[in-house]
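Residue numbers (the numbering used here): 50 to 446.
Beta carbons are placed, not taken as given, at the ideal position from N, Cα and C, and that holds for glycine.
Bear in mind the structure is a predicted one, so any value in this text is a computation, not a measurement.
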Ligand SMILES: *Cc1c(COP(=O)(O)O)cnc(C)c1O
């Protein structure tokens, strides 16, 4: 029998390789198989079964083995007690919100978040289900403190925030939430557990879009909520069995495979993003570069206090250019792909902001439109050379 590698006595890379994997009991294969089946054989007397249980061998929406193996690894890498893996990052966020919130509850959330968080909290839960919401710049602790109310059930932040890279202080906000008797969740997608572990800094929940760094290869979607057992039991039953956000066994298997190299990939993402940020910051045609790894970043000190060894692979920058020049620049890129998403093996760029209704919530430099860039695993000098030739061909440099 293989040694069970789970506990924190093993390093992050060792757990990324081993946790959740084991010798297959039936074949002896040293890789666990993919179980693509909707149903499981019922016992002689099924009358005692819990048809809505999230841990029953019954039906794949009640949980599958590939999902469980991945949950074991993510629990360990995030320093949590339990985890639920779902069909996408948004399934994880909606599962968390629907399980925790009811009419009359109040939520404080970051002015910089993934767009679906804004839609879910501000529009769906607020307008349809009477959940009160306050949007604050969570990089400002005074603003967080004064937004708290007696009925604040949840504080939800994203750090670094998508798309501006705003940094919020996880330890300090955990303290504010705890003092108010509120729960506290952090969307950790931009950092990944390699660079930042919110649960160790006092958060109740860490949320990950597995679609991004944890899978890392741009070919499978998934999401996870990691936290304490008491909360996770409720979230798992609601999000998976009743809301139906279950992950496919094949995607869970792909993400499990991708996650093995998370530490190696993140090292390269961190390094390439920093190099590209330094290059962009040196150019006169670049109005601003936002990356927490740069000395110039306003959240730098807090980022250094809670992120290590690096600051992730995503940065934002603005060009001194008109609408058409932005499109020209992108059309001249040869290596870098113009597409949404981030955390893939290849570098991705997307032009944002000109028609974002939340623009007024962002710092002024973001109001004229900006790029979000996700540094891939290519050679750093090739990424920079591609940007350089595209800036020249589009007449910006
Ligand atoms: C992409 C993303 C999500 C949503 O994840 P999906 O897997 O696309 O549903 C949530 N939060 C952040 C910060 C993201 O970048």
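Rounded straight-line distance, which links the Cα of residue j to that of residue i
{"i": "residue 384", "j": "residue 396", "result": "8 Å"}
{"i": "residue 242", "j": "residue 94", "result": "43 Å"}
{"i": "residue 264", "j": "residue 91", "result": "33 Å"}
{"i": "residue 72", "j": "residue 53", "result": "11 Å"}
{"i": "residue 278", "j": "residue 363", "result": "32 Å"}
{"i": "residue 373", "j": "residue 418", "result": "12 Å"}
{"i": "residue 178", "j": "residue 163", "result": "21 Å"}
{"i": "residue 78", "j": "residue 85", "result": "17 Å"}
{"i": "residue 307", "j": "residue 398", "result": "22 Å"}
{"i": "residue 225", "j": "residue 238", "result": "22 Å"}
{"i": "residue 234", "j": "residue 217", "result": "12 Å"}
{"i": "residue 172", "j": "residue 201", "result": "18 Å"}
{"i": "residue 70", "j": "residue 402", "result": "42 Å"}
{"i": "residue 227", "j": "residue 297", "result": "36 Å"}
{"i": "residue 56", "j": "residue 436", "result": "43 Å"}
{"i": "residue 352", "j": "residue 170", "result": "26 Å"}
{"i": "residue 309", "j": "residue 67", "result": "8 Å"}
{"i": "residue 378", "j": "residue 74", "result": "55 Å"}
{"i": "residue 230", "j": "residue 198", "result": "10 Å"}
{"i": "residue 390", "j": "residue 236", "result": "15 Å"}
{"i": "residue 332", "j": "residue 87", "result": "55 Å"}
{"i": "residue 96", "j": "residue 81", "result": "31 Å"}
{"i": "residue 341", "j": "residue 326", "result": "10 Å"}
Proximity below 9 Å, CB of residue i to CB of residue j
{"i": "residue 256", "j": "residue 128", "result": "no"}
{"i": "residue 107", "j": "residue 118", "result": "no"}
{"i": "residue 433", "j": "residue 328", "result": "yes"}
{"i": "residue 213", "j": "residue 413", "result": "no"}
{"i": "residue 369", "j": "residue 347", "result": "no"}
{"i": "residue 244", "j": "residue 125", "result": "no"}
{"i": "residue 232", "j": "residue 190", "result": "no"}
{"i": "residue 322", "j": "residue 267", "result": "no"}
{"i": "residue 274", "j": "residue 166", "result": "no"}
{"i": "residue 259", "j": "residue 276", "result": "no"}
{"i": "residue 160", "j": "residue 349", "result": "no"}
{"i": "residue 59", "j": "residue 145", "result": "no"}
{"i": "residue 136", "j": "residue 295", "result": "yes"}
{"i": "residue 157", "j": "residue 196", "result": "yes"}
{"i": "residue 147", "j": "residue 303", "result": "no"}
{"i": "residue 116", "j": "residue 301", "result": "yes"}
{"i": "residue 184", "j": "residue 410", "result": "yes"}
Unbroken beta strand (DSSP E) run spanning residue i, endpoints
{"i": "residue 389", "result": "Segment: none, residue 389 is in no beta strand (DSSP E) and carries neither H nor E."}
{"i": "residue 318", "result": "Note, residue 318: premise wrong, no beta strand (DSSP E); alpha helix (DSSP H) at 311–330."}
{"i": "residue 184", "result": "181–185"}
{"i": "residue 304", "result": "Residue 304 -> not in any beta strand (DSSP E); alpha helix (DSSP H) instead, spanning 298–308."}
{"i": "residue 365", "result": "363–368"}
{"i": "residue 423", "result": "419–423"}
{"i": "residue 273", "result": "272–276"}
{"i": "residue 205", "result": "201–207"}
{"i": "residue 155", "result": "155–159"}
{"i": "residue 257", "result": "254–258"}
{"i": "residue 233", "result": "232–236"}
{"i": "residue 401", "result": "397–401"}
Alpha helix (DSSP H) segment containing residue i, residue limits
{"i": "residue 131", "result": "No alpha helix (DSSP H) holds residue 131; the beta strand (DSSP E) holding it covers 131–135."}
{"i": "residue 337", "result": "Looking at the DSSP string, residue 337 is not in any alpha helix (DSSP H); the run it does join, the beta strand (DSSP E), is 335–339."}
{"i": "residue 372", "result": "372–381"}
{"i": "residue 435", "result": "429–442"}
{"i": "residue 107", "result": "Taken as a continuous stretch (DSSP letters only), residue 107 belongs to no alpha helix (DSSP H), as it is neither H nor E."}
{"i": "residue 225", "result": "219–228"}
Whole-number beta carbon distance between residue j and residue i, since they are thought to touch under 8 Å
{"i": "residue 206", "j": "residue 355", "result": "Not quite, the Cβ-Cβ distance comes to about 12 Å (not below 8 Å), so this is no contact."}
{"i": "residue 422", "j": "residue 366", "result": "7 Å"}
{"i": "residue 155", "j": "residue 121", "result": "Going by Cβ atoms, the distance from residue 155 to residue 121 rounds to 34 Å, so no, they are not a contact pair."}
{"i": "residue 215", "j": "residue 188", "result": "5 Å"}
{"i": "residue 252", "j": "residue 209", "result": "The pair is not a contact, with the Cβ atoms about 15 Å apart (cut-off 8 Å)."}
{"i": "residue 400", "j": "residue 375", "result": "5 Å"}
{"i": "residue 324", "j": "residue 153", "result": "Wrong, their Cβ atoms sit about 49 Å apart, outside the cutoff."}
{"i": "residue 149", "j": "residue 174", "result": "No, residue 149 and residue 174 are not in contact; Cβ-Cβ is about 10 Å, not under 8 Å."}
Test: residue i CB closer than 9 Å to a CB of chain B
{"i": "residue 276", "result": "In summary, chain B is missing from the structure at hand, where a single protein chain is found."}
6 Å Cβ shell around residue i - same chain, five flanking residues per side excluded
{"i": "residue 446", "result": "334 and 440"}
{"i": "residue 393", "result": "267"}
Close Cβ partners of residue i (< 8 Å) along its chain, the five nearest in sequence each way excluded
{"i": "residue 50", "result": "In this prediction, residue 50 scores a pLDDT of 48, lower than 50, which makes its location untrustworthy; the coordinate-derived value is nonetheless stated afterwards. 72, listed in sequence order."}
{"i": "residue 312", "result": "61, 62, 65 and 243"}
{"i": "residue 426", "result": "314, 317, 318, 321, 394 and 395"}
{"i": "residue 19", "result": "With the chain running from 50 to 446 in the structure shown, residue 19 is simply not present."}
{"i": "residue 99", "result": "105"}
Close beta carbons around residue i, own chain, < 7 Å, minus the five adjacent residues each side
{"i": "residue 290", "result": "101, 103, 110 and 111"}
{"i": "residue 192", "result": "185 and 186"}
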